[in-house]
Structure formats: structure tokens, C-alpha cells
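These notes are about the structure you will find just below.
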Amino acid sequence: MKTMVEIAHSFLSPALHRQAVCVDATFGQGKDTDWFVKRKVGKVYAFDIQEHLIERRKNDFQSHVRLIADSHASMGRYVKEDVDAMIFNFGFCPHEDPSVTTMPSESVKAIGAGLKRLRIKGRMALVIYPHQFGKQESEAIEAFLKPVDPHIVSIQKVCGLNIHTGPYAILLEKRKEWK
397 MKTMVEIAHS
407 FLSPALHRQA
417 VCVDATFGQG
427 KDTDWFVKRK
437 VGKVYAFDIQ
447 EHLIERRKND
457 FQSHVRLIAD
467 SHASMGRYVK
477 EDVDAMIFNF
487 GFCPHEDPSV
497 TTMPSESVKA
507 IGAGLKRLRI
517 KGRMALVIYP
527 HQFGKQESEA
537 IEAFLKPVDP
547 HIVSIQKVCG
557 LNIHTGPYAI
567 LLEKRKEWK
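Each residue of the sequence shown is one higher than the last, beginning at 397 in my numbering.
Dropping the structure here:
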């Protein structure tokens with residue numbers, strides 16, 4: 397069985413091509429950025445608030461990868477072109493300080509900013525871990541997305557049927573302009 401990250405990657409794959417603009421909104425160890433790079437996309441923006449994580453990997457990428465030590469909620473300041481694919485892995489970075497975690501209000505703001513930048517037929521994958529603090533974040537994200545018109549953004553939730561506290565994915569495809 398695939399992990400939620402593998403499901404997210406499978407969902408994003410059809411949106412990738414040689415000129416694709418991609419966003420790894422939660423860089424962490426850089427695994428999603430690595431995944432985009434291996435698919436030979438045109439450009440990757442990667443965000444993380446933990447500057448030491450960006451510093452650790454800054455020499456691992458070519459010039460088409462832009463590592464940004466800032467909140468994903470600030471992506472509108474950095475990403476000016478339409479985006480083909482975007483991924484978020486919410487929560488804390490494994491093997492790092494678990495008290496440094498994505499925040500519900502910042503995450504919702506980042507998703508909104510991402511939907512504005514996403515091109516029509518562009519795809520966004522949200523991998524959510526409803527751990528102790530993550531439960532508040534998952535509730536905030538779902539409350540933000542539930543009222544979205546399905547003619548504007550198609551949204552699917554993928555979760556394990558018998559794993560109530562395990563990670564899950566929300567997969568979005570933009571159909572019309574987001575306001």
C-alpha cells in the first residue's frame with residue numbers, strides 16, 4: 397500500500413513537465429523538492445521557516461531551485477508565475493524540534509495564496525498529520541476548503557478507513573480562477 401506522500405506524488409505527476417513551475421511549501425529535509433528535481437521540472441520554489449534546514453541543503457540544487465527561508469504563507473511575495481504543482485507536508489519536520497510546527501492560520505493563508513498562483517488544471521497536494529497539534533490544523537484546513545465551489549477547485553480527501561489518527565491527503569485541482 398502507498399504512503400500518503402506517495403499518493404500525493406502520484407496525483408501531482410500528470411501536472412509535471414519540463415517547464416513546470418512547482419512549489420514545495422514545507423521543505424523540511426527536502427524530499428519533495430528532490431522528487432520534483434528528479435522529474436526534471438523547470439523551476440522549484442521551496443519554503444521553510446527553519447533557516448538551518450535551508451542552509452543544510454543549499455548547495456545540493458542547481459539554479460532552477462530557489463530555497464526560501466520564510467513562511468509558506470508568504471509565497472505570494474516570491475512566486476509570481478503560474479504554478480503547475482504544489483505540495484504541503486504539514487506538521488513538524490522529522491528528526492527536528494517537534495515544537496516547531498506549521499500553524500493553522502499560516503497554513504490556511506498559504507493554501508489560499510497557493511490557489512491564487514495555481515494555474516488552471518494545476519494540482520495541489522496537502523499531506524496532513526492529525527497529531528496532537530495537527531488536529532487543530534487539519535480542522536482549520538478542512539473548514540477553509542469545504543465551502544469551496546467544486547466548479548472552481550475539485551477537492552478529494554484520501555484517508556485510511558481503519559486508521560482514525562493516521563495521516564491523510566487532500567488533493568486539489570484548479571478548474572477556474574480563484575478569487
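For glycine and all other residues, C-beta sits at the position ideal for the given N, C-alpha and C.
Per DSSP, cross-strand counterpart(s) of Leu522: Phe484, Ile566
Buried versus exposed, by CB contacts within 10 Å (16 or more), Gly424: buried
From Glu447 to Asp466, what does the alpha carbon distance come to, in whole angstroms? 8 Å
Along the chain, where does the alpha helix (DSSP H) that runs through Phe443 open and close? Not the alpha helix (DSSP H): Phe443 falls in the beta strand (DSSP E), residues 439-443.
Residues near Val544 in its chain [Cβ-Cβ closer than 7 Å; skip 5 each side]: Ile551
Quick one: what's got a C-beta closer than 7 Å to Ala416's C-beta in the same chain, skipping five residues either side? Val437, Gly438, Asp480, Ala481
Output needed for His460: all residues of its chain with C-beta closer than 6 Å, excluding positions within five of it in sequence on either side, in chain order. Lys439
Check whether the segment 506-519 touches the segment 449-458, counting contact only when three or more Cβ pairs, one atom from each stretch, lie closer than 8 Å. no
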